[in-house]
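*Asks:* Numbering (the numbering used here), first residue to last: 9 to 126.
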Ligand SMILES: Nc1nc2c(c(=O)[nH]1)N=C([C@H](O)[C@H](O)COP(=O)(O)OP(=O)(O)OP(=O)(O)O)CN2
Ligand SMILES: [Zn+2]
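1. Whose CB is closer than 7 Å to a heavy atom of ligand 4? List the residues in chain order.
2. Can residue 91 be considered in contact with ligand 1, in the sense that its beta carbon sits closer than 7 Å to one or more heavy atoms?
3. According to DSSP, what are the bridge partners of residue 40?
4. Among the residues of its own chain, which have a CB less than 8 Å from the CB of residue 86, if the five just before and after it don't count?
5. Tell me, to the nearest whole angstrom, how far the beta carbon of residue 18 is from that of residue 75; I am working on the premise that it is less than 8 Å.
6. Kindly identify the DSSP beta-bridge partner or partners of residue 91.
Shown next, in the form of structure tokens:
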């Protein structure tokens, strides 16, 4: 079984490595939607895989770093594609939440990344 919790953050970014003339070389913003999945067994006493609040507390410092920021300024995110942001989140969240099974990051309503750490 998997549980999930959704988060969102509003951030500015630009993509420095795209060719001249590409619209994403200009600074612009997104309301990112983040969906975090955790897999495991249902605890016989608590009746849950993991407390949603524990998940929220684990990701809060990462959301704080991203929300209302220029993502390019964050060390490790100088080229803040959706793929790189997703890997950055995974690498910081997985040590705190070892049962992490999947991250989905939506940059726009029609574009996103699904990552399971491999
Ligand atoms: N594989 C990726 N491709 C692109 C990324 C990315 O992170 N990974 N990022 C961008 C830009 O950040 C851009 O803001 C999003 O691109 P796009 O889907 O073209 O955005 P639009 O809102 O303009 O989409 P429309 O459907 O055309 O309105 C680009 N590519
Ligand atoms: Zn963008």
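In this text, a Cβ means the ideal position worked out from N, Cα and C, and glycines have one as well.
*Replies:* The relevant details are as follows:
1. With respect to ligand 4, the structure offers nothing, as its ligand set consists of ligand 1 and ligand 2.
2. yes
3. The partner list for residue 40 (beta bridge, DSSP) reads 17.
4. 24, 80
5. Yes, residue 18 and residue 75 are in contact; Cβ-Cβ is about 6 Å, under 8 Å.
6. According to DSSP, residue pairing for residue 91 in a beta bridge does not occur.
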